[in-house]
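What follows is a set of notes on a single structure, which appears directly below.
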Amino acid sequence: MKSMKISVRELAEYAYKRGSIDEKFRSSKALSEGTAIHQAVQKEYKETEEKEVYLDFLYEMEEMTLHIHGRCDGVLRSGEGLVIDEIKSTSLEAEELEEDLFPEHWGQAYGYAYMYCEREQLEGINVQLTYVQKASKKKIRYLRYLTVEQLKEEVRFMVEAYTPYALTLVRRRAQKHETLPKLGFPYPSYREGQRTFAGSVYRTAREGRTLFAQAPTGIGKTISSLFPGVKAMEEGDFEQLYYATAKTTTRETAEEAIRLMQEEGASLTAVTLTAKDKICFQEETICQPEYCSFADGYYDRINEALVDILTNESLLDRGTIETYARKHHICPFEYSLDLTNAADIVIGDYNYVYDPRVALKRLSRDRTKKMGLLVDEAHNLVERTRDMYSASLSASDFETLPSLVGSERAGNLAASIASDITSLFPENQKEVSIDEIPGVMEERIEAFVEETESFLRDLLPEEQDETVMNSYFGSQHFLNMLEQKDDNFVYIGKEKEELKLYCLNPRTVVKRITDAYRFSVYFSATLSPFAYYKEMLGGTPEDYILKLPSPFSREQIDTIFTPLSTRFRDRERTARGVSDSLKKQTEAWPGNHLFFFPSYSYLELIYSYAKEWGKEIVVQERNMDEERKSEFLAQFTEESEIIGFAVLGGVFSEGVDLKGDRLRGVAVVGVALPPRDIEKELIHRYFENRDRNGYNYAYVYPGMNKVLQAGGRLIRSEEDYGVLQFIDDRFMTPVYRGLLPEEWKNK
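Using UniProt numbering, the letters of the sequence shown map in sequence onto residues 1 to 747.
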């Protein structure tokens, strides 16, 4: 018989979906699973009372069996008999917290109560909801007595609501496990090194380990990670894959790889997550029923929409999700998030896994331990997670709040916080490293968040001031990061304006996330130097490592080293020489070329000379949208002779495939050192104090990664050939030469 395992909480939340996204958003803000609050309540239990009681029950139906399970917060003993206690924390005031405000919480408690009655053969039991107000720690309790028959009816209601969706999932999962053993590699043969990479991913997945892999450009890393990841699902040790990436182009490559496996017969369901501001049907992303009809009544329509799309589609990309979202008149972003529960593969940005502000709450520990994590272009993750786990507060923003926030206390707290920030600076210092912030300042920030949350809760969209909202969420993030703070973090003060909690080394937070997954694979063409990226991404001696040589030969690349200085102080002096060297490259190698520069200002300086070349030159613009990016690349055809000027680390320096005659030459101007600032200098000092080369960690390695990515645009297949020029005298030194791939060095 078909069977499925589901937690009581998931079952209750699915069955009691009602109303708009706004209502659910407000309730999720107001009610959260506060571990500390749970533990505080449970400490008050008597010695004879139980906590965290595991319960489960097999609910038999004609079509299938549901294995319902979960941990009950408490089994108490009172004068009125046994009590099942369900604890929730809330920021709502006591007078706002009506007894039936959250039926899903009663549903969860009823599920525990029914399973306990069945286990202990009871005729009935007391069911209690215990709400704890987060600020005051005041407890509000609601108690009901239900017979086992009443509880059975409540569970029957939840099961019947869930059954159509459950049957759809069971059918799809049965098809998946039937077809996976027959799935073969969806190409006639493996490229050189591709089988080794795929085998390493498969072994990592089967053993539940972590793999760091440097696999060269053109090897086919996407299919070589997804295919073995999918094949490893056959054994049933995990159920899902999350394919994390930083760019739209790599998401599309992942979709194509899944499409190929589906064409080979694999029954797989994949969903692609698109950022809310890109997929939203409205001009402004305001998820409130007064503004958006796709949000209003969302939970009244979502169950039917889920069953519909899962019955008829398997590759749930942006276009497919938008089509069904319009059909059922629901928010496409929330729709895509709900679909992650049903998908075998989730494709999405890094932030849904790593960013504490937007990480998917659906990716609970129970989910991730049955999920594999594939991280594409993992070299990007160091700076991305460093940013995600840093937090800033602006004095000027807080100074404006007293006149904007409708709470005198919140306004006074904001003014005090602004004063606290400016007082951190010694005289005549614009940027400072601060050992600690005063405890009273932290208390004020906590009080400001609580007071402002209460003020904002009932405002309509048009009443919400952007500065107030930004300060509220920024302060909330700052407090969350304070909980993470250890010797990998430092406070920085800037211009008497900004207080920043800066993450110097993200390895601890990355490792904590990695450890939550069944297995993890970090891969890129440019994890160089390997030891640096492994360390920064939380690697351990027990992790697997793989470094594959390039499948391309030196004969495909004609490498030129031009020893001109591109240091900032020399740029005006050497600009003519740089321009001449680039022009000679285009003359010696007719066709399309891409030239990469460390900044827009330097690009514009060389472009002022290049106008004299008499050639067609296209220039990367600042803040190009997706349409303009596509138009830029579309000009590079097999017949054209286009010269492209772009910036290192920009949208055209990685994830771009201009194969064959679409690209004949690449030049990298400069070593892409990040500009000196207090943050880089603190990273420098941090690693020097840990017996590392701090300068390389702060400047050389991040810069050279941009160089390697840009140079990798040239050779994308076994048939490609062309010229690769490096303009900077530092490329001739051992440090920089040692970071270049062997096939890029002189023959």
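Glycine is no exception: its CB is placed at the ideal position from the N, C-alpha and C atoms.
Residue range of the unbroken beta strand (DSSP E) whose run includes residue i
i      : result
Tyr522 : Phe519 to Ser524
Val700 : Here Val700 belongs to no beta strand (DSSP E), and DSSP marks it neither H nor E.
Asp349 : Ile345 to Asp349
Ile258 : Counting along the chain, Ile258 falls outside any beta strand (DSSP E), though it belongs to the alpha helix (DSSP H) covering Thr248 to Glu263.
Val618 : Glu616 to Val619
Leu374 : Met371 to Val375
Thr245 : Gln240 to Thr245
Same chain, Cβ closer than 6 Å to residue i, neighbours up to 5 away in sequence not counted
i      : result
Gly655 : Lys247, Thr249 and Thr250
Ala135 : Glu450
Gly712 : Thr217 and Ala525
Thr245 : Arg251 and Asp376
Glu50  : Val75
Ile347 : Tyr243, Arg251, Ala254 and Thr272
Asp73  : Asp85, Glu86 and Ile87
Distance CB(residue i)-CB(residue j) smaller than 8 Å
i           : j      : result
Thr508      : Asp486 : yes
Phe523      : Leu393 : no
residue 758 : Glu679 : Residue 758 is absent from the structure shown; the chain starts at 1 and stops at 747.
Leu97       : Met4   : no
Gly79       : Tyr112 : no
Ser423      : Val490 : no
Asn480      : Leu504 : no
Arg191      : Pro551 : yes
Tyr389      : Tyr165 : no
Tyr354      : Ile513 : yes
Ala109      : Leu122 : no
Val155      : Tyr114 : yes
Ser228      : Ala266 : The identity of residue 228 in the sequence shown is Pro, whereas the question assumes Ser. No; because the gap between Cβ atoms is not below 8 Å, this pair is not in contact.
Glu399      : Ala418 : yes
Phe212      : Gly539 : yes
Ala270      : Asp349 : no
Lys176      : Leu58  : no
Lys659      : Ser581 : no
His328      : Asp308 : yes
Ser91       : Val132 : no
One or two residues paired with residue i in a DSSP bridge
i      : result
Met732 : Beta-bridge pairing links Met732 to no other residue.
Asn126 : Val83 and Tyr145
Ser3   : Thr65
Met556 : Note that residue 556 corresponds to Gln in the displayed sequence, not to Met. Note: Gln556 sits in no beta bridge, so no partner.
Phe212 : Tyr522 and Ile545
Leu55  : Gly70
Val668 : Phe596 and Phe726
Phe561 : Phe726
Lys494 : Glu431 and Glu498
Cys503 : Phe489
Tyr131 : Lys88 and Ile140
Any non-hydrogen atom of the ligand FAD closer than 7 Å to residue i Cβ
i      : result
Val647 : Absence of the ligand FAD from the depicted structure is noted, as is the absence of any ligand whatsoever, leaving it without description.
Beta-carbon proximity list for residue i, same chain, < 8 Å, skipping 5 on both sides
i      : result
Lys231 : Leu180, Leu183 and Tyr202
Ile6   : Leu66, His67, Ile68, His69, Tyr162 and Ala166
Ser407 : Glu451, Thr452, Ser454 and Phe455
Leu546 : Thr196, Phe197, Ser200, Leu211, Phe212, Ala213, Gln214 and Ala215
Segment limits, alpha helix (DSSP H) that includes residue i
i      : result
Cys117 : Pro103 to Glu120
Leu306 : Tyr298 to Asn312
Tyr335 : Pro332 to Leu339
Ser392 : Where Ser392 is concerned, there is no enclosing alpha helix (DSSP H), although the beta strand (DSSP E) it sits in stretches over Ala391 to Ser394.
Cβ of residue i within 8 Å of any chain C Cβ
i      : result
Leu527 : Among the chains of the structure shown, chain C does not appear; only one protein chain is present.
Neighbourhood of residue i by C-beta distance below 7 Å, restricted to the same chain and skipping five residues each side
i      : result
Asp729 : Pro563, Leu564 and Ser565
Gly220 : Arg191 and Gln194
Thr48  : Arg77
Ile650 : Sequence check: residue 650 is Gly here, not Ile. Closer than 7 Å at the Cβ level, and outside the excluded window around Gly650, lie Gln620.
Asp338 : Ile302 and Leu306
Phe281 : Phe294 and Pro332
Arg685 : Gly694
Lys17  : Tyr299, Ile302 and Asn303
Phe25  : Unreliable placement is indicated for Phe25, whose pLDDT of 49 sits below 50; no coordinate value is reported for it.
Tyr600 : Arg622 and Val647
Pro741 : Ser550
At least three beta-carbon pairs within less than 8 Å, the region 645–663 to the region 605–617
Inter-segment contact for the region 645–663 and the region 605–617 is present: three or more beta-carbon pairs are separated by less than 8 Å.
Counting beta carbon pairs with one atom in the region 509–519 and one in the region 465–477, are three or more of them shorter than 8 Å?
In this structure the region 465–477 does not lie against the region 509–519, because fewer than three pairs of beta carbons, one per stretch, are closer than 8 Å.
Pair every Cβ in the region 596–606 with every Cβ in the region 570–579, then say whether three or more of these pairs are closer than 8 Å.
The region 596–606 vs the region 570–579: in contact.
When you compare the region 654–669 with the region 705–721, are there three or more beta-carbon pairs, one atom per stretch, that lie closer than 8 Å?
The region 654–669 makes contact with the region 705–721; the number of CB pairs closer than 8 Å reaches 3 or more.
Would you call the region 366–383 in contact with the region 309–320, where contact means no fewer than 3 C-beta pairs closer than 8 Å?
Contact between the region 366–383 and the region 309–320 is absent, because fewer than three Cβ pairs lie under 8 Å.
Taking 8 Å as the threshold, find out whether the region 635–642 comes into contact with the region 684–697 through three or more Cβ pairs.
Contact between the region 635–642 and the region 684–697 is absent, because fewer than three Cβ pairs lie under 8 Å.
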